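Asker: Sequence order for the protein chains is Z and V.
The first sequence begins at 254 in our numbering and counts up one residue at a time.
The second sequence begins at 254 in our numbering and counts up one residue at a time.
Here a beta-carbon is modelled for each residue, glycine too, at the ideal position from N, C-alpha and C.
Nothing here was measured: the structure is a model prediction, and the numbers come from that model.
Let me begin by handing over the structure; questions about it come next.
Number of protein chains: 2
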Amino acid sequence: MTRYDNLAGIIGERIEQGLYTGGQRLPSVRALSLEHEVSISTVQQAYRVLEDRRLVEARPKSGYFVSQKHELAALPAMCRPAQRPVEISQWGLVLKLLRSDPSDGMVHLGPGMPDISSPTLKPLMKWLSRTALHPDLRGMNYGDISGARVLREQIARLMVDSGSLLSADDILITTGCHEALSIALHALCQPGDIVAVDSPSFHGVTQAMKAFSIKALEIPTDPVTGISLDALALALEQWPIKAIQVTPNCNNPLGYIMPDSHKQALLSLAQRYDTPIIEDDVYGDLAYHYPRPHTIKSFDEDGRVLLCSSFSKTLAPGLRVGWMVPGRYMEKAIHMKYINTGATALQPQLAVAEFVRGGYYLKHLRRMRARYQLNCEIMTDWIKTYFPLETRVSRPQGGFLIWIELPEHFDSLRLSRQLENLLIQIAVGPVFSASGKYRHCLRLSFAAKLTDKMEAAVKTIGETIKQQLREHPGEG
Amino acid sequence: MTRYDNLAGIIGERIEQGLYTGGQRLPSVRALSLEHEVSISTVQQAYRVLEDRRLVEARPKSGYFVSQKHELAALPAMCRPAQRPVEISQWGLVLKLLRSDPSDGMVHLGPGMPDISSPTLKPLMKWLSRTALHPDLRGMNYGDISGARVLREQIARLMVDSGSLLSADDILITTGCHEALSIALHALCQPGDIVAVDSPSFHGVTQAMKAFSIKALEIPTDPVTGISLDALALALEQWPIKAIQVTPNCNNPLGYIMPDSHKQALLSLAQRYDTPIIEDDVYGDLAYHYPRPHTIKSFDEDGRVLLCSSFSKTLAPGLRVGWMVPGRYMEKAIHMKYINTGATALQPQLAVAEFVRGGYYLKHLRRMRARYQLNCEIMTDWIKTYFPLETRVSRPQGGFLIWIELPEHFDSLRLSRQLENLLIQIAVGPVFSASGKYRHCLRLSFAAKLTDKMEAAVKTIGETIKQQLREHPGEG
């Protein structure tokens with residue numbers, strides 16, 4: 254980690270903890286330079302990072318101030334500590350979310366579907382089209398069981414940004430991040446095994462655990478710093494945990510980026526208990542600040558991290574091009590890959606490789622990062638405007654998903670049913686828990702263009718929530 | 254089944270059983286018409302089917318005769334009855350087969366790779382290209398978890414030929430037949446369960462069983478009629494068999510088509526023991542005679558057959574477009590599909606749907622069937638010419654794979670190593686057994702254009718075999 258990143262992390266944490274509040278003046282550049290024994294320019298860079306994260310505002314000739322916006326919404330609470338590993342439920346709700354038909358005329362705020370309409374994606378379509386017509390029929394064969402080498406080379410190149418120096422041989426192409434996560438779980442676990450997950454959790458992982466009869470231990474997770482290391486340490490002491498599954502960068506659904514110091518501490522913990530880590534980095538490239546955050550994998554020295562990712566959130570999910578870096582579990586992962594799907598569709602792999610090689614990927618990322626960051630601000634404002642005062646909201650640092658927490662007696666399933674009649678679709682909280690927690694929560698996507706129709710939908714959601722809270726005021 | 258198909262089956266079986274031998278005159282059309290109480294034209298049609306299968310030759314003004322070619326090679330023997338369920342080995346050999354690089358300058362007779370160079374495939378490339386550029390970005394979304402409805406509708410239409418009346422809702426699109434088979438096994442079995450398989454078996458299935466810690470019970474399989482029903486009945490009586498997995502049409506590697514009567518008897522057996530059947534039909538559309546053979550699924554009345562197939566062998570494997578008809582196990586199959594890959598790449602699905610809808614698929618099939626049938630004759634002749642006299646050879650009734658059995662002490666692994674130095678690649682027998690049987694067997698593919706170079710390669714294989722048999726004459 255660079256010095257300015259480190260400093261930005263420290264100041265950011267103080268703001269999050271409420272040591273500095275909205276509108277308050279922050280220490281001067283010179284003061285911080287003296288305090289932390291770093292150069293003036295390091296402090297300036299640190300403040301720039303915090304500006305990018307919208308925690309800090311620079312006022313000409315006055316210095317740096319905690320952003321006013323910042324204190325507008327309280328953060329979601331951490332869930333209670335896990336009592337015991339649970340079998341996974343909620344498949345019915347997940348299926349309902351999956352079954353949502355994008356052409357049914359509803360406003361879809363539920364699925365984790367990226368915006369695929371950007372003109373910066375056009376070269377990809379051209380490559381897809383061109384590859385299909387290539388006279389050597391290059392996209393039609395089975396191809397290498399590990400995936401097209403040209404693509405693996407490009408992925409290795411991209412992953413330098415996340416702190417990893419890899420070669421094409423370290424990478425296994427998969428049919429989306431889904432297959433990567435499924436392979437990772439299957440390669441590590443037997444039925445009845447326990448996997449510790451951050452909570453709320455991505456439903457793709459928990460439902461895969463269900464399929465493999467793996468039990469979930471839901472670890473309380475901080476909406477800013479990620480999985481609670483204390484709670485995890487306790488769990489590792491108490492239970493025979495077979496693997497730790499986390500999404501440390503641009504977490505789904507909470508949107509946080511785990512600080513590097515936490516990533517390293519998590520890795521140390523995993524080393525101490527000799528436990529592998531399944532790291533989902535599928536939103537990592539969509540962090541609002543650049544350079545993008547490090548992966549846990551980038552600190553991994555003994556191959557215990559199985560990194561899983563894909564182009565589904567950055568480019569388009571229909572491509573089904575994902576990958577994994579399974580570390581010391583490569584051999585097992587290849588077996589699982591073979592029996593899962595034999596190979597991954599080749600033509601999209603070749604097209605993506607050309608797209609990345611031509612520099613179009615980074616250009617597209619720049620645009621999408623800026624777009625999603627702006628949408629995040631707008632969506633946060635809408636929620637603040639239209640939702641009840643007691644609403645708690647996540648502060649996404651990347652991606653296009655926002656997590657909303659309402660008073661504990663609130664019922665997002667009832668809300669969802671009411672909204673369906675109003676042609677609005679959301680993702681209900683229990684989908685993100687192995688055991689059906691978070692019934693008082695919901696997740697919204699702000700990937701699509703935020704039109705007036707969208708604002709009207711968010712307003713309707715807010716009003717429907719208020720109405721439910723009026724009609725069912727709870728016991729408190 | 255039509256009357257003429259039925260009659261063709263009866264006569265064909267008599268020929269196979271040696272009741273009529275090569276060159277012998279067959280009963281007249283009138284005699285058969287009287288004997289079987291069918292019309293003259295039914296008998297004529299039956300004989301035409303047998304001509305297509307190269308069992309029978311018409312001689313002008315003399316009638317029908319058993320084909321001379323027919324008796325040229327003895328059939329492979331059935332393997333010995335299974336002793337007990339076994340854990341699956343042979344992954345190393347399978348991986349070696351998968352790792353073979355099509356561009357390494359070798360003659361590849363090993364992999365089950367179809368010929369993708371036919372001009373009848375060109376409209377598919379056009380559709381792939383066109384779909385990629387479509388302004389509504391139709392190929393870029395996740396799409397329906399069950400797969401694109403337009404494609405499922407076309408598959409339902411195609412499956413009428415195999416005797417099944419289905420709707421799009423009965424079908425689940427998968428990432429190749431591989432994923433379909435994997436889903437089927439995962440949906441039905443727990444670790445430690447036993448699955449009965451025809452033997453030799455497709456390595457994709459046995460290796461998937463390994464991944465799920467399922468044990469294989471290898472059932473002796475007749476090279477003409479398929480899995481031994483007697484042996485299977487005995488096994489069902491003796492062991493708690495969780496599922497039966499067979500490839501009844503254009504079997505890989507044996508090439509037989511199980512007679513309809515056997516298919517029905519197999520289904521009855523499965524019903525009696527309340528066991529599901531996983532039917533692999535991936536080569537079914539490549540049967541040399543038309544209409545194509547029925548599936549076991551087409552006789553299934555209680556949804557116990559999970560049919561698995563794909564366009565990998567008929568069109569191109571790089572598309573990774575397969576499907577399954579999971580019958581009563583649909584709900585579980587959808588869960589497994591979701592956790593496996595989330596969805597299947599959408600653009601290839603849409604292109605294939607257009608290709609089938611436009612009638613190009615059936616046109617392409619006609620061409621490939623004729624091509625593979627011709628190649629089968631040529632390859633059989635080459636083997637007869639260049640291989641030792643004691644060679645036993647399968648009689649493929651579809652597809653592009655041929656199974657070769659040598660004296661029991663022969664070692665195909667040694668052969669394979671020797672051939673590698675001569676730049677020839679084959680598939681060794683043990684790959685097709687969960688327990689490493691068939692070391693004295695090999696499989697060759699005749700999908701590619703059979704050039705002089707190919708003939709030279711087959712000649713080299715034959716000579717290398719003869720040399721090994723001379724140097725290691727065995728104990729008998």
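Can V:Gly571 and Z:Asn593 be called in contact, C-beta distance under 7 Å?
Answerer: As a working mapping, residue 571 of chain V is identified with position 318 in the second sequence. As a working mapping, residue 593 of chain Z is identified with position 340 in the first sequence. Cβ atoms of V:Gly571 and Z:Asn593: not closer than 7 Å.
Asker: Within a Cβ cutoff of 8 Å, which residues of the same chain sit near Z:His456, ignoring the five residues on either side of it in sequence?
Answerer: On the first sequence, position 203 is the one that residue 456 of chain Z refers to. Within the same chain, Z:His456 has close Cβ partners Gln343, Val347, Leu350, Val684 and Phe685.
Asker: Go ahead and label V:Tyr543 buried or exposed: buried means 16 or more other beta carbons lie within 10 angstroms of its beta carbon, across all protein chains shown.
Answerer: In the second sequence, the residue the question calls residue 543 of chain V occupies position 290. Exposed.
Asker: Going along the chain, which residues of its own chain have a beta-carbon closer than 7 Å to the beta-carbon of V:Val609, five neighbours each way excluded?
Answerer: Within the second sequence, numbered from 1, the residue matching residue 609 of chain V stands at position 356. Annotation for V:Val609: Gln407 and Leu411 place their beta carbon closer than 7 Å to its own, counting only its chain and skipping 5 residues before and after.
Asker: Am I right that Z:Gly651 and Z:Tyr541 are in contact with their C-beta atoms under 8 Å? What's the rounded C-beta distance?
Answerer: Reading the first sequence from its first residue, position 398 is the one you call residue 651 of chain Z. Reading the first sequence from its first residue, position 288 is the one you call residue 541 of chain Z. The beta-carbon distance between Z:Gly651 and Z:Tyr541, rounded to whole angstroms, is 5 Å. This is short enough to meet the 8 Å contact definition.
Asker: Identify every run of the alpha helix (DSSP H) within the stretch 603-639 of chain V, keeping only runs that are complete inside it and at least 4 residues long; order them along the chain.
Answerer: Segments of the alpha helix (DSSP H) lying fully in the stretch 603-639 of chain V: 613-639.
Asker: Would you be able to state if there are at least three C-beta pairs under 8 Å between the stretch 658-668 of chain V and the stretch 685-694 of chain V?
Answerer: yes
Asker: Grab the span of the beta strand (DSSP E) containing V:Met577 for me, first residue to last.
Answerer: Mapped onto the second sequence, residue 577 of chain V falls at position 324. Gly575 to Val578 is the span of the beta strand (DSSP E), which, as asked, contains V:Met577.
Asker: Any beta carbon from chain V within less than 7 Å of Z:Ala586's own beta carbon?
Answerer: For the purposes of this step, residue 586 of chain Z is identified with residue 333 of the first sequence, where counting begins at 1. Output row for Z:Ala586: interface = no.
Asker: Under 8 Å Cβ-Cβ, which residues of chain Z neighbour V:Gly682?
Answerer: In the second sequence, counting from the first residue as 1, residue 682 of chain V sits at position 429. Within chain Z, no residue has its beta carbon less than 8 Å from that of V:Gly682; the closest one is some 20 Å off.
Asker: Pull up the DSSP beta-bridge partners for V:Cys694, would you.
Answerer: Reading the second sequence from its first residue, position 441 is the one you call residue 694 of chain V. According to DSSP, which records beta bridges pairwise, V:Cys694 is partnered with V:Glu658.
Asker: Given a threshold of 16 other Cβ atoms within 10 Å of its Cβ, counted over all protein chains shown, does V:Pro313 qualify as buried or as exposed?
Answerer: In the second sequence, the residue the question calls residue 313 of chain V occupies position 60. Under this definition V:Pro313 is an exposed residue.
Asker: Determine the direct distance from the alpha carbon of V:Ala710 to that of V:Thr717, and round the result to whole angstroms.
Answerer: For the purposes of this step, residue 717 of chain V is identified with residue 464 of the second sequence, where counting begins at 1. For the purposes of this step, residue 710 of chain V is identified with residue 457 of the second sequence, where counting begins at 1. Each residue's Cα considered, the two are about 10 Å apart.
Asker: Can you check whether the CB of V:Pro453 is closer than 7 Å to the CB of V:Pro506?
Answerer: Along the second sequence, read from residue 1 onward, the residue named residue 506 of chain V stands at position 253. Along the second sequence, read from residue 1 onward, the residue named residue 453 of chain V stands at position 200. Taking 7 Å as the Cβ cut-off, V:Pro506 and V:Pro453 qualify as a contacting pair.
Asker: Would V:Gly595 count as contacting chain Z if we go by Cβ distances under 7 Å?
Answerer: Along the second sequence, one-based indexing puts residue 595 of chain V at 342. Chain Z contact via Cβ: present.
Asker: Could you tell me which of V:Ala311, V:Ala464 and V:Gln524 sits nearest to V:Leu485, measuring between CA atoms?
Answerer: Here residue 485 of chain V corresponds to residue number 232 of the second sequence, with the count starting at 1. Nearest C-alpha to V:Leu485: V:Gln524.
Asker: Terminal residues of the continuous beta strand (DSSP E) containing V:Thr597?
Answerer: To locate residue 597 of chain V, count along the second sequence from 1; it is residue 344. Where V:Thr597 is concerned, there is no enclosing beta strand (DSSP E), given that its DSSP letter is neither H nor E.
Asker: Starting from V:Pro376 and walking both ways along the alpha helix (DSSP H), at which residues does that stretch end?
Answerer: To locate residue 376 of chain V, count along the second sequence from 1; it is residue 123. Boundaries of the alpha helix (DSSP H) around V:Pro376: Lys375 to Leu386.
Asker: So V:Ile369 contacts chain Z; which residues on that side make the cut at Cβ distance below 8 Å?
Answerer: Position 116 of the second sequence, counting from 1, holds the residue named residue 369 of chain V. Within 8 Å Cβ-Cβ: Leu390, Met393 and Asn394.
Asker: Could you compute how far the alpha carbon of V:Cys646 sits from the alpha carbon of V:Gln321?
Answerer: Indexing the second sequence from 1 puts residue 646 of chain V at position 393. Indexing the second sequence from 1 puts residue 321 of chain V at position 68. Correcting the residue identity first, residue 646 of chain V is Val in this sequence and not Cys. Spanning the two alpha carbons is a distance of roughly 16 Å.
Asker: Between V:Leu362 and V:Ile677, which are expected to be in contact by the criterion C-beta below 8 Å, what is the C-beta distance as a whole number of angstroms?
Answerer: Position 109 of the second sequence holds residue 362 of chain V. Position 424 of the second sequence holds residue 677 of chain V. Indeed they touch by this definition, with Cβ atoms about 7 Å apart.
Asker: So V:Thr428 contacts chain Z; which residues on that side make the cut at Cβ distance below 7 Å?
Answerer: Within the second sequence, the letter at position 175 stands for residue 428 of chain V. Going along chain Z in sequence order, the residues near V:Thr428 (Cβ under 7 Å) are Thr428 and Thr594.
Asker: Whole angstroms is fine: what's the gap from Z:Ala261's alpha carbon to Z:Ala433's?
Answerer: Position 8 of the first sequence, counted from the first residue, corresponds to residue 261 of chain Z. Position 180 of the first sequence, counted from the first residue, corresponds to residue 433 of chain Z. C-alpha separation (whole angstroms): 33 Å.
Asker: In chain Z, what lies closer than 7 Å to V:Arg352 by C-beta?
Answerer: What you label residue 352 of chain V is simply residue 99 of the second sequence in a count that begins at 1. What V:Arg352 touches in chain Z: Ile398.
Asker: Mapping DSSP to helix, strand and coil, what is V:Ala700?
Answerer: For the purposes of this step, residue 700 of chain V is identified with residue 447 of the second sequence, where counting begins at 1. V:Ala700: coil per DSSP, three-state reduction.
Asker: For a contact defined as C-beta to C-beta under 9 Å, what are the partners of Z:Met589 on chain V?
Answerer: By one-based count along the first sequence, residue 589 of chain Z stands at place 336. Near Z:Met589 (Cβ distances below 9 Å), the residues of chain V are Ala464.
Asker: Three or more C-beta pairs closer than 8 Å, one from the stretch 364-371 of chain V and one from the stretch 621-638 of chain V: is that the case here?
Answerer: yes
Asker: Can you say whether Z:Glu532 is buried or exposed, counting buried as having 16 or more other CB atoms within 10 angstroms of its CB?
Answerer: Position 279 of the first sequence, counted from the start, is the residue given in the question as residue 532 of chain Z. The residue in question, Z:Glu532, is buried, as its Cβ has 16 or more Cβ neighbours within 10 Å.
Asker: Consult DSSP for V:Arg670 and reduce its assignment to one of helix, strand or coil.
Answerer: Taking the second sequence and counting its residues from 1, the one referred to as residue 670 of chain V is at position 417. Three-state result, V:Arg670: helix.
Asker: Going by beta-carbon coordinates alone, are V:Leu438 and V:Ala461 separated by less than 7 Å?
Answerer: Counted from its first residue, the second sequence places residue 438 of chain V at position 185. Counted from its first residue, the second sequence places residue 461 of chain V at position 208. Taking 7 Å as the Cβ cut-off, V:Leu438 and V:Ala461 qualify as a contacting pair.
Asker: Less than 8 Å between the CB atoms is what I'm expecting for V:Leu404 and V:Ala569, so what's the real figure, rounded?
Answerer: Counted from its first residue, the second sequence places residue 404 of chain V at position 151. Counted from its first residue, the second sequence places residue 569 of chain V at position 316. With 8 Å as the limit, V:Leu404 and V:Ala569 do not qualify as a contact, their Cβ atoms being about 15 Å apart.
Asker: Residues in its own chain within less than 7 Å of V:Ser551 by CB, not counting five upstream and five downstream?
Answerer: Taking the second sequence and counting its residues from 1, the one referred to as residue 551 of chain V is at position 298. Around V:Ser551: Ser415, Gly416 and Ser417.
Asker: Nearest CA to the CA of Z:Tyr317: which residue from Z:Val535, Z:Gly276 and Z:Ala680?
Answerer: As a working note, residue 317 of chain Z is residue 64 in the first sequence. By alpha-carbon distance to Z:Tyr317, the top candidate from Z:Val535, Z:Gly276 and Z:Ala680 is Z:Gly276.
Asker: Sort Z:Arg337, Z:Lys375, Z:Ala385 and Z:Ala440 by Cα distance to Z:Ala449 and report the nearest one.
Answerer: As a working note, residue 449 of chain Z is residue 196 in the first sequence. Among Z:Arg337, Z:Lys375, Z:Ala385 and Z:Ala440, the Cα nearest to that of Z:Ala449 is on Z:Arg337.
Asker: Beta-carbon within less than 7 Å of V:Gln297's beta-carbon, same chain only, minus the 5 sequence neighbours each way: which residues are those?
Answerer: Position 44 of the second sequence, counted from the start, is the residue given in the question as residue 297 of chain V. These residues qualify, in order along the chain: Val282.
Asker: What does V:His361 pair with, by DSSP beta-bridge criteria?
Answerer: Numbered from its first residue, the second sequence carries residue 361 of chain V at position 108. V:His361 pairs with V:Gln678.
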